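See structure below.
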Amino acid sequence: MKRLAAMLLSLLAILMPAAGAHAQPIAAGRPINLYVGFAAGGPADLLARIVAERLQDQLGQPVVVQNRGGAGGTIAAAAVAKARPDGTTLLLVTSGHTGAPALYRNLPFDNQKDFSPIIALAQSPVVMLVDSKSPYRDIQGLVAAAKANPGKLNFGTGGGGATLTALAAVLLCRDLAIDAVAINYPGSGPANIALTSGTIDFSFDIVSGAMGLLTAGTVRGLAVTSPHRSSALPDVPTVAETVRPGFDVTGWFGVLAPAGMDHGLVDQFNAEFARILASPPLKARLAALGIDPIGGTPQQFAAMIAAETTRWGGLIRALGLKVD
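In C-alpha coordinates, the structure reads:
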(Lines of atoms letter the chains of each structure in order from A and count residues from 1; the text may use other names and numbers.)
(Lines give C-alpha, C1' and ligand atoms only; values in the text may rest on other atoms or scores of the structure.)
Protein backbone atom coordinates (compact mmCIF):
# COMPACT_ATOMS: atom_id res chain seq x y z
CA MET A 1 0.00 0.00 0.00
CA LYS A 2 2.84 2.37 0.85
CA ARG A 3 4.43 1.65 -2.51
CA LEU A 4 1.11 2.27 -4.30
CA ALA A 5 0.58 5.54 -2.40
CA ALA A 6 4.07 6.70 -3.33
CA MET A 7 3.40 5.93 -7.00
CA LEU A 8 0.12 7.88 -6.90
CA LEU A 9 1.79 10.88 -5.29
CA SER A 10 4.51 10.83 -7.94
CA LEU A 11 1.90 10.72 -10.69
CA LEU A 12 -0.02 13.64 -9.15
CA ALA A 13 3.19 15.65 -8.92
CA ILE A 14 3.71 15.17 -12.65
CA LEU A 15 0.13 16.02 -13.62
CA MET A 16 -0.42 18.99 -11.32
CA PRO A 17 1.41 22.28 -11.97
CA ALA A 18 3.64 23.56 -9.24
CA ALA A 19 2.33 26.38 -7.08
CA GLY A 20 2.69 29.70 -8.91
CA ALA A 21 3.42 28.03 -12.25
CA HIS A 22 2.09 29.85 -15.33
CA ALA A 23 -0.36 28.43 -17.84
CA GLN A 24 0.86 27.41 -21.27
CA PRO A 25 2.21 30.41 -23.20
CA ILE A 26 -0.39 32.14 -25.37
CA ALA A 27 0.14 31.35 -29.07
CA ALA A 28 2.80 28.86 -28.01
CA GLY A 29 5.23 31.70 -27.35
CA ARG A 30 5.15 32.97 -30.96
CA PRO A 31 4.98 36.69 -31.84
CA ILE A 32 1.52 38.22 -31.61
CA ASN A 33 0.48 40.73 -34.28
CA LEU A 34 -1.92 43.44 -33.09
CA TYR A 35 -3.51 45.00 -36.17
CA VAL A 36 -4.65 48.63 -36.16
CA GLY A 37 -6.79 49.95 -39.00
CA PHE A 38 -5.41 53.48 -38.89
CA ALA A 39 -2.22 55.42 -39.56
CA ALA A 40 0.50 55.74 -36.95
CA GLY A 41 0.15 58.63 -34.54
CA GLY A 42 -3.62 58.53 -34.11
CA PRO A 43 -5.56 57.57 -30.97
CA ALA A 44 -6.09 53.93 -32.00
CA ASP A 45 -2.40 53.52 -32.79
CA LEU A 46 -1.41 55.22 -29.54
CA LEU A 47 -3.58 52.95 -27.41
CA ALA A 48 -2.46 49.89 -29.38
CA ARG A 49 1.20 50.64 -28.66
CA ILE A 50 0.54 51.26 -24.98
CA VAL A 51 -1.28 47.95 -24.46
CA ALA A 52 1.07 46.03 -26.78
CA GLU A 53 4.04 47.07 -24.65
CA ARG A 54 2.31 45.93 -21.47
CA LEU A 55 1.06 42.69 -23.02
CA GLN A 56 4.58 41.90 -24.25
CA ASP A 57 5.98 42.42 -20.77
CA GLN A 58 3.31 40.21 -19.20
CA LEU A 59 3.61 37.37 -21.68
CA GLY A 60 7.34 37.54 -22.23
CA GLN A 61 6.90 37.27 -25.99
CA PRO A 62 6.88 39.82 -28.84
CA VAL A 63 3.68 41.79 -29.52
CA VAL A 64 3.98 43.73 -32.78
CA VAL A 65 1.65 46.56 -33.82
CA GLN A 66 0.71 46.29 -37.50
CA ASN A 67 -0.75 49.46 -39.03
CA ARG A 68 -3.07 48.67 -41.95
CA GLY A 69 -4.75 52.01 -42.48
CA GLY A 70 -7.55 52.86 -44.88
CA ALA A 71 -11.28 52.47 -45.47
CA GLY A 72 -12.24 53.30 -41.89
CA GLY A 73 -10.35 50.38 -40.40
CA THR A 74 -11.97 47.77 -42.64
CA ILE A 75 -8.72 46.80 -44.40
CA ALA A 76 -7.15 45.68 -41.13
CA ALA A 77 -10.41 44.02 -40.06
CA ALA A 78 -10.56 42.04 -43.32
CA ALA A 79 -7.00 40.82 -42.79
CA VAL A 80 -7.73 39.66 -39.23
CA ALA A 81 -11.02 38.01 -40.25
CA LYS A 82 -9.07 35.75 -42.63
CA ALA A 83 -6.33 34.88 -40.12
CA ARG A 84 -6.05 31.64 -38.17
CA PRO A 85 -7.64 31.85 -34.69
CA ASP A 86 -4.46 30.59 -33.05
CA GLY A 87 -3.70 33.61 -30.89
CA THR A 88 -1.05 35.14 -33.15
CA THR A 89 -3.40 37.72 -34.69
CA LEU A 90 -5.52 40.32 -32.89
CA LEU A 91 -7.33 43.48 -33.95
CA LEU A 92 -7.58 46.71 -32.00
CA VAL A 93 -11.00 47.90 -33.10
CA THR A 94 -12.78 51.23 -32.72
CA SER A 95 -16.42 52.29 -32.58
CA GLY A 96 -16.38 52.71 -36.35
CA HIS A 97 -16.34 48.92 -36.69
CA THR A 98 -20.03 48.91 -35.79
CA GLY A 99 -20.98 51.39 -38.51
CA ALA A 100 -18.97 49.76 -41.29
CA PRO A 101 -21.62 47.22 -42.42
CA ALA A 102 -24.10 50.01 -43.16
CA LEU A 103 -21.54 52.34 -44.75
CA TYR A 104 -19.53 50.06 -47.02
CA ARG A 105 -20.89 47.96 -49.86
CA ASN A 106 -19.69 44.37 -50.18
CA LEU A 107 -17.56 44.20 -47.04
CA PRO A 108 -15.45 41.00 -47.15
CA PHE A 109 -16.37 40.18 -43.55
CA ASP A 110 -19.26 40.17 -41.11
CA ASN A 111 -18.43 42.56 -38.28
CA GLN A 112 -19.85 40.14 -35.69
CA LYS A 113 -19.80 36.59 -37.07
CA ASP A 114 -16.19 36.73 -38.33
CA PHE A 115 -14.61 37.78 -35.02
CA SER A 116 -14.17 36.53 -31.48
CA PRO A 117 -14.64 39.43 -29.03
CA ILE A 118 -11.90 39.61 -26.38
CA ILE A 119 -12.50 42.76 -24.33
CA ALA A 120 -13.76 46.34 -24.47
CA LEU A 121 -10.63 48.29 -23.60
CA ALA A 122 -11.49 51.94 -23.11
CA GLN A 123 -13.60 54.91 -24.16
CA SER A 124 -12.95 58.54 -25.04
CA PRO A 125 -15.17 61.34 -26.38
CA VAL A 126 -14.76 63.17 -29.66
CA VAL A 127 -13.56 66.78 -29.56
CA MET A 128 -14.17 69.54 -32.11
CA LEU A 129 -10.92 71.35 -32.87
CA VAL A 130 -9.74 74.54 -34.53
CA ASP A 131 -6.22 75.81 -35.05
CA SER A 132 -4.91 78.09 -32.31
CA LYS A 133 -4.89 80.98 -34.82
CA SER A 134 -8.51 80.40 -35.82
CA PRO A 135 -10.96 83.29 -35.38
CA TYR A 136 -13.47 80.89 -33.83
CA ARG A 137 -13.20 81.07 -30.05
CA ASP A 138 -16.17 78.84 -29.23
CA ILE A 139 -18.53 76.41 -30.92
CA GLN A 140 -21.33 78.98 -31.01
CA GLY A 141 -19.18 81.30 -33.12
CA LEU A 142 -18.20 78.54 -35.53
CA VAL A 143 -21.81 77.38 -35.94
CA ALA A 144 -22.93 80.94 -36.63
CA ALA A 145 -20.22 81.37 -39.28
CA ALA A 146 -21.09 78.06 -40.94
CA LYS A 147 -24.77 78.98 -41.13
CA ALA A 148 -23.95 82.42 -42.53
CA ASN A 149 -21.67 80.90 -45.18
CA PRO A 150 -23.26 77.60 -46.33
CA GLY A 151 -20.83 75.29 -48.11
CA LYS A 152 -17.84 77.58 -47.48
CA LEU A 153 -16.30 76.00 -44.36
CA ASN A 154 -14.68 72.57 -44.47
CA PHE A 155 -13.81 70.09 -41.77
CA GLY A 156 -11.61 67.00 -41.47
CA THR A 157 -11.91 63.62 -39.83
CA GLY A 158 -9.39 60.80 -39.66
CA GLY A 159 -9.73 57.21 -40.84
CA GLY A 160 -12.47 57.42 -43.48
CA GLY A 161 -16.24 57.64 -43.37
CA ALA A 162 -16.77 54.70 -41.01
CA THR A 163 -14.95 56.19 -38.02
CA LEU A 164 -16.82 57.56 -35.04
CA THR A 165 -15.26 60.98 -35.58
CA ALA A 166 -16.73 61.10 -39.10
CA LEU A 167 -20.13 59.89 -37.91
CA ALA A 168 -20.13 62.33 -35.00
CA ALA A 169 -19.31 65.17 -37.39
CA VAL A 170 -22.08 64.25 -39.85
CA LEU A 171 -24.60 63.80 -37.05
CA LEU A 172 -23.71 67.15 -35.47
CA CYS A 173 -23.85 69.00 -38.78
CA ARG A 174 -27.26 67.45 -39.46
CA ASP A 175 -28.62 68.30 -36.02
CA LEU A 176 -27.39 71.91 -36.26
CA ALA A 177 -28.38 72.33 -39.93
CA ILE A 178 -24.80 73.17 -40.87
CA ASP A 179 -23.73 72.98 -44.53
CA ALA A 180 -19.97 72.30 -44.38
CA VAL A 181 -17.70 70.24 -46.62
CA ALA A 182 -16.34 66.98 -45.13
CA ILE A 183 -12.79 65.85 -45.96
CA ASN A 184 -11.77 62.40 -44.75
CA TYR A 185 -8.10 61.69 -44.08
CA PRO A 186 -6.33 58.31 -43.60
CA GLY A 187 -5.91 58.99 -39.88
CA SER A 188 -6.21 61.71 -37.26
CA GLY A 189 -2.51 62.53 -37.68
CA PRO A 190 -2.94 63.71 -41.31
CA ALA A 191 -6.21 65.44 -40.38
CA ASN A 192 -4.47 67.38 -37.60
CA ILE A 193 -1.68 68.39 -39.99
CA ALA A 194 -4.31 69.72 -42.38
CA LEU A 195 -5.92 71.66 -39.53
CA THR A 196 -2.73 73.29 -38.29
CA SER A 197 -1.60 74.12 -41.84
CA GLY A 198 -4.85 75.95 -42.58
CA THR A 199 -6.12 73.45 -45.16
CA ILE A 200 -9.34 72.89 -43.21
CA ASP A 201 -11.33 75.15 -40.89
CA PHE A 202 -12.11 72.69 -38.11
CA SER A 203 -11.79 69.00 -37.37
CA PHE A 204 -13.01 66.20 -35.16
CA ASP A 205 -10.75 63.82 -33.25
CA ILE A 206 -10.87 61.46 -30.30
CA VAL A 207 -9.66 63.38 -27.24
CA SER A 208 -6.72 61.00 -26.75
CA GLY A 209 -5.49 61.68 -30.28
CA ALA A 210 -5.59 65.43 -29.85
CA MET A 211 -4.14 65.75 -26.34
CA GLY A 212 -0.58 66.43 -27.51
CA LEU A 213 -1.66 69.34 -29.71
CA LEU A 214 -4.09 70.64 -27.11
CA THR A 215 -1.47 70.58 -24.37
CA ALA A 216 1.03 72.34 -26.62
CA GLY A 217 -1.53 75.02 -27.47
CA THR A 218 -1.29 74.26 -31.18
CA VAL A 219 -5.03 73.67 -31.44
CA ARG A 220 -8.05 74.74 -29.42
CA GLY A 221 -10.90 72.50 -28.31
CA LEU A 222 -14.35 73.98 -28.85
CA ALA A 223 -16.53 71.18 -27.50
CA VAL A 224 -16.59 67.49 -26.61
CA THR A 225 -19.35 65.13 -27.72
CA SER A 226 -19.81 63.16 -24.49
CA PRO A 227 -22.71 64.01 -22.15
CA HIS A 228 -20.24 65.17 -19.50
CA ARG A 229 -17.00 67.14 -19.78
CA SER A 230 -13.80 65.16 -20.19
CA SER A 231 -11.68 64.99 -17.04
CA ALA A 232 -8.66 65.63 -19.25
CA LEU A 233 -10.26 68.79 -20.73
CA PRO A 234 -12.34 70.28 -17.88
CA ASP A 235 -12.44 73.74 -19.49
CA VAL A 236 -13.86 72.47 -22.79
CA PRO A 237 -17.68 72.46 -22.73
CA THR A 238 -19.87 69.70 -24.16
CA VAL A 239 -21.93 69.99 -27.32
CA ALA A 240 -24.96 69.21 -25.15
CA GLU A 241 -24.46 72.21 -22.84
CA THR A 242 -23.78 74.67 -25.66
CA VAL A 243 -25.56 74.09 -28.97
CA ARG A 244 -27.35 70.72 -28.97
CA PRO A 245 -28.95 69.44 -25.74
CA GLY A 246 -28.83 65.66 -25.40
CA PHE A 247 -26.03 65.15 -27.92
CA ASP A 248 -23.97 62.10 -26.96
CA VAL A 249 -21.26 60.38 -29.01
CA THR A 250 -18.50 58.59 -27.13
CA GLY A 251 -15.81 56.58 -28.88
CA TRP A 252 -14.50 53.26 -27.65
CA PHE A 253 -11.73 50.78 -28.37
CA GLY A 254 -11.65 47.02 -28.00
CA VAL A 255 -9.80 43.88 -29.01
CA LEU A 256 -11.07 41.21 -31.39
CA ALA A 257 -9.60 37.95 -32.68
CA PRO A 258 -10.57 35.85 -35.70
CA ALA A 259 -13.78 33.84 -35.30
CA GLY A 260 -13.44 30.32 -33.96
CA MET A 261 -10.79 31.04 -31.34
CA ASP A 262 -10.78 28.46 -28.55
CA HIS A 263 -12.79 29.68 -25.56
CA GLY A 264 -9.90 28.98 -23.23
CA LEU A 265 -7.58 31.14 -25.32
CA VAL A 266 -10.19 33.91 -25.45
CA ASP A 267 -10.41 33.84 -21.67
CA GLN A 268 -6.61 33.91 -21.36
CA PHE A 269 -6.38 37.02 -23.52
CA ASN A 270 -9.27 38.62 -21.66
CA ALA A 271 -7.49 38.04 -18.35
CA GLU A 272 -4.23 39.51 -19.66
CA PHE A 273 -5.92 42.66 -20.97
CA ALA A 274 -7.95 43.00 -17.76
CA ARG A 275 -4.68 42.84 -15.84
CA ILE A 276 -3.33 45.66 -18.03
CA LEU A 277 -6.41 47.82 -17.41
CA ALA A 278 -6.16 47.27 -13.64
CA SER A 279 -2.62 48.66 -13.47
CA PRO A 280 -2.60 52.00 -11.53
CA PRO A 281 0.25 53.48 -13.62
CA LEU A 282 -1.62 52.60 -16.83
CA LYS A 283 -4.86 54.10 -15.48
CA ALA A 284 -3.01 57.33 -14.71
CA ARG A 285 -1.43 57.37 -18.16
CA LEU A 286 -4.77 56.83 -19.87
CA ALA A 287 -6.51 59.45 -17.71
CA ALA A 288 -3.94 62.03 -18.82
CA LEU A 289 -4.92 61.21 -22.41
CA GLY A 290 -8.64 61.51 -21.73
CA ILE A 291 -9.20 57.75 -21.92
CA ASP A 292 -11.29 55.80 -19.41
CA PRO A 293 -10.85 52.00 -19.09
CA ILE A 294 -13.89 49.77 -19.68
CA GLY A 295 -13.01 46.08 -19.28
CA GLY A 296 -15.54 43.31 -18.79
CA THR A 297 -16.09 39.85 -20.26
CA PRO A 298 -15.97 38.75 -23.91
CA GLN A 299 -19.73 38.21 -23.74
CA GLN A 300 -20.30 41.77 -22.57
CA PHE A 301 -18.17 43.10 -25.40
CA ALA A 302 -20.09 40.99 -27.92
CA ALA A 303 -23.36 42.44 -26.64
CA MET A 304 -21.91 45.95 -26.84
CA ILE A 305 -20.87 45.44 -30.47
CA ALA A 306 -24.32 44.11 -31.36
CA ALA A 307 -26.08 47.07 -29.72
CA GLU A 308 -23.75 49.63 -31.32
CA THR A 309 -24.13 48.00 -34.75
CA THR A 310 -27.89 48.40 -34.46
CA ARG A 311 -27.58 52.00 -33.24
CA TRP A 312 -25.13 53.27 -35.85
CA GLY A 313 -26.48 51.11 -38.66
CA GLY A 314 -29.94 52.62 -38.16
CA LEU A 315 -28.56 56.18 -38.09
CA ILE A 316 -26.37 55.67 -41.17
CA ARG A 317 -29.27 54.25 -43.17
CA ALA A 318 -31.55 57.05 -41.97
CA LEU A 319 -29.01 59.63 -43.14
CA GLY A 320 -28.50 57.81 -46.42
CA LEU A 321 -24.73 57.65 -45.96
CA LYS A 322 -22.61 55.39 -48.17
CA VAL A 323 -18.90 54.97 -48.81
CA ASP A 324 -17.75 53.31 -52.03
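Residue 0 in numbering that gives the first Met the number 0 sits at position 1 of the sequence shown, and the numbers go up by one each step.
Idealized CB from N, CA, C, for every residue including glycine.
Quick caveat: nothing in here was measured; it's all calculated off a predicted structure.
Are A121 and T156 touching if we call contact CB-CB under 8 Å?
-> By 1-based counting over the sequence shown, the position of residue 121 is 122. By 1-based counting over the sequence shown, the position of residue 156 is 157. Against a cut-off of 8 Å, the Cβ pair of T156 and A121 comes out as no contact.
Own chain residues within Cβ distance below 6 Å of P292, not counting five before or after = If you number the sequence shown from 1, residue 292 lands on position 293. Answer for P292: A121, L276, listed in chain order.
Of the residues V125, V92, K132, which one's Cα is nearest the Cα of F114?
-> Taking the first residue of the sequence shown as position 1, residue 114 is located at position 115. Minimum Cα distance to F114 is reached at V92.
May I have a chain-ordered list of the alpha helix (DSSP H) segments no shorter than 4 residues that lie completely inside the segment 222–278?
-> 238–241, 262–276
Touch check for the segment 67–84 and the segment 238–250: three-plus C-beta pairs under 8 Å?
-> no
Outcome for P297 when other beta-carbon atoms lying within 10 angstroms are tallied against a minimum of 16 = By one-based count along the sequence shown, residue 297 stands at place 298. Label assigned to P297: buried.
Could you check what DSSP says for F37 in three-state terms: helix, strand or coil?
-> Your numbering for residue 37 matches position 38 in the sequence shown. Looking at F37 - three-state DSSP - the assignment turns out to be coil, as it is neither helix nor strand.
In the structure shown, what three-state DSSP assignment does P280 receive?
-> As a working note, residue 280 is residue 281 in the sequence shown. Here P280 sits in helix by DSSP.
Would you call the segment 81–98 and the segment 236–246 touching, i.e. three or more CB-CB distances under 8 Å?
-> no
Taking only the alpha-carbon atoms, compute the straight-line gap between D137 and T237 and give it to the nearest angstrom.
-> In the sequence shown, counting from the first residue as 1, residue 137 sits at position 138. In the sequence shown, counting from the first residue as 1, residue 237 sits at position 238. Cα to Cα, the separation comes out at about 11 Å.
Which value, in whole angstroms, describes the spacing of the CA atoms of V235 and K146?
-> Position 236 of the sequence shown, counted from the start, is the residue given in the question as residue 235. Position 147 of the sequence shown, counted from the start, is the residue given in the question as residue 146. Cα to Cα, V235 sits roughly 22 Å from K146.
Quick one: using the 10 Å Cβ neighbour count with 16 as the cut-off for buried, is G59 buried or exposed?
-> One-based indexing of the sequence shown puts residue 59 at position 60. Looking at its Cβ environment, which holds fewer than 16 other Cβ atoms inside 10 Å, G59 is exposed.
Host alpha helix (DSSP H) of I192 (start-end) | Stepping through the sequence shown from its first residue, residue 192 is reached at position 193. Counting along the chain, the alpha helix (DSSP H) containing I192 begins and ends at 187–195.
Same chain, Cβ closer than 6 Å to W311, neighbours up to 5 away in sequence not counted | By one-based count along the sequence shown, residue 311 stands at place 312. Cβ within range, chain order: T97, G98.
From G329 to L163, what does the alpha carbon distance come to, in whole angstroms?
-> Beyond the ends of the chain as shown, which are 0 and 323, falls residue 329; an answer cannot be given.
Residue range of the unbroken alpha helix (DSSP H) whose run includes D174 = Stepping through the sequence shown from its first residue, residue 174 is reached at position 175. First-last of the alpha helix (DSSP H) with D174: 163–175.
With a Cβ-Cβ cutoff of 8 Å, do V325 and L89 count as a contact?
-> Past the edges of the chain, shown from 0 to 323, lies residue 325, and the structure says nothing about it.
6 Å CB neighbourhood of I315 in its chain, flanking five on each side removed | Counting from one through the sequence shown, the residue named residue 315 turns up at place 316. Closer than 6 Å at the Cβ level, and outside the excluded window around I315, lie G98, A101, L102.
Could you check if N191 is buried or exposed, using at least 16 other CB atoms within 10 Å of its CB as the buried criterion?
-> Within the sequence shown, the letter at position 192 stands for residue 191. Under this definition N191 is a buried residue.
Grab me the residues of M303's own chain with a C-beta within less than 7 Å of its C-beta, minus the 5 sequence neighbours each way, in chain order.
-> As a first step, residue 303 is located in the sequence shown; it is residue number 304 there, counting from the start. Hits under 7 Å: A119.
CB-CB under 8 Å to L212, same chain, minus the five flanking residues each way: which ones, in chain order?
-> Counted from its first residue, the sequence shown places residue 212 at position 213. So the list reads L128, N191, T195, V218, once near-sequence residues are dropped.
In terms of residue numbering, what span does the alpha helix (DSSP H) encompassing F108 cover?
-> As a first step, residue 108 is located in the sequence shown; it is residue number 109 there, counting from the start. Careful: F108 lies outside any alpha helix (DSSP H) and carries neither H nor E.
Would you list the residues sitting across from L128 in a DSSP beta bridge?
-> For the purposes of this step, residue 128 is identified with residue 129 of the sequence shown, where counting begins at 1. Looking at the DSSP assignment, L128 forms a beta bridge with S202, G220.
G295 to A273 span [Cα, whole Å] = Position 296 of the sequence shown, counting from 1, holds the residue named residue 295. Position 274 of the sequence shown, counting from 1, holds the residue named residue 273. Whole-angstrom Cα-Cα distance: 8 Å.
What's the gap between the Cα of A47 and the Cα of V322?
-> Your numbering for residue 47 matches position 48 in the sequence shown. Your numbering for residue 322 matches position 323 in the sequence shown. Each residue's Cα considered, the two are about 26 Å apart.
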